[in-house]
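Step one of this worksheet: look at the structure below.
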Amino acid sequence: MELVIYAYLTAVGFVLAGVLSSFVQLVSGQPMRFGVEPNSTLTSILGVVLRVFAGPAILMRNAWRGMLIEARPKFWFGLSAAIAAFWSLLIGALMIDIVLNL
Numbered sequence: 002m003e004l005v006i007y008a009y010l011t012a013v014g015f016v017l018a019g020v021l022s023s024f025v026q027l028v029s030g031q032p033m034r035f036g037v038e039p040n041s042t043l044t045s046i047l048g049v050v051l052r053v054f055a056g057p058a059i060l061m062r063n064a065w066r067g068m069l070i071e072a073r074p075k076f077w078f079g080l081s082a083a084i085a086a087f088w089s090l091l092i093g094a095l096m097i098d099i100v101l102n103l
């Protein structure tokens with residue numbers, strides 16, 4: 002039963018990351034990257050928070066691109082997928098906790 006809960010939380014986190022990443026790409030016309038442009042302090046802080054929540058989608062997009070286009074070893078894709086899954090689990094747990102405490 003615990004495995005199902007972990008899988009659900011991971012899915013919630015990854016869906017949230019994908020929606021945020023896709024929304025930013027829709028608005029700006031460019032895919033999200035981990036780099037933050039130093040515009041203003043508030044914009045930079047909001048950019049970091051946004052990248053924390055959209056990080057798993059950015060990481061998996063970069064890993065997929067690296068495996069297909071740049072011919073990186075599949076080991077790095079697997080390692081990136083494991084990191085993104087754990088990151089998604091944490092974000093999903095945080096989001097479910099926030100929703101349940103509203």
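Taking the working numbering, the leading residue of the sequence shown gets 2, the next gets one more, and so forth.
Don't be surprised by glycine CBs; every beta carbon is placed ideally from N, CA and C.
Out of THR42, LEU4, GLU71 and ALA18, point me to the one whose CA is closest to ARG34's CA.
Start at 1 with the first residue of the sequence shown, and residue 34 comes out as number 33. The option with the nearest alpha carbon to ARG34 is ALA18.
Where does the unbroken alpha helix (DSSP H) through VAL114 begin, and where does it stop?
There is no way to answer for residue 114, as the model of the chain reaches only from 2 to 103.
Would you mind stating whether VAL20 and MET96 have Cβ atoms separated by less than 7 Å?
In the sequence shown, counting from the first residue as 1, residue 20 sits at position 19. In the sequence shown, counting from the first residue as 1, residue 96 sits at position 95. No, the pair does not count as a contact, with Cβ atoms beyond the cut-off.
Among LEU51, PHE15, GLU38 and GLU3, which residue has its Cα nearest to the Cα of LEU90?
Here residue 90 corresponds to residue number 89 of the sequence shown, with the count starting at 1. Considering only alpha carbons, the answer is PHE15.
DSSP state of ARG34, grouped into three classes?
Looking up residue 34 in the sequence shown gives position 33. Three-state result, ARG34: coil.
Going by DSSP in three states, ARG66 sits in which element: helix, strand or coil?
Within the sequence shown, residue 66 is the residue found at index 65, counting from 1. Three-state DSSP puts ARG66 in a helix.
Quick test of your reading: VAL37 and VAL53, contact by CB under 8 Å. State the CB separation rounded to the nearest angstrom.
Stepping through the sequence shown from its first residue, residue 37 is reached at position 36. Stepping through the sequence shown from its first residue, residue 53 is reached at position 52. Incorrect: roughly 11 Å between the Cβ atoms, too far for contact.
Look up ALA72 in the DSSP assignment and say whether it is helix, strand or coil.
As a position in the sequence shown, residue 72 is number 71, starting the count at 1. Looking at ALA72 - three-state DSSP - the assignment turns out to be coil, as it is neither helix nor strand.
Tell me whether MET61 is buried or exposed, calling it buried when 16 or more other Cβ atoms sit within 10 Å of its Cβ.
Position 60 of the sequence shown holds residue 61. Classification of MET61: buried, given that the 10 Å Cβ count is 16 or more.
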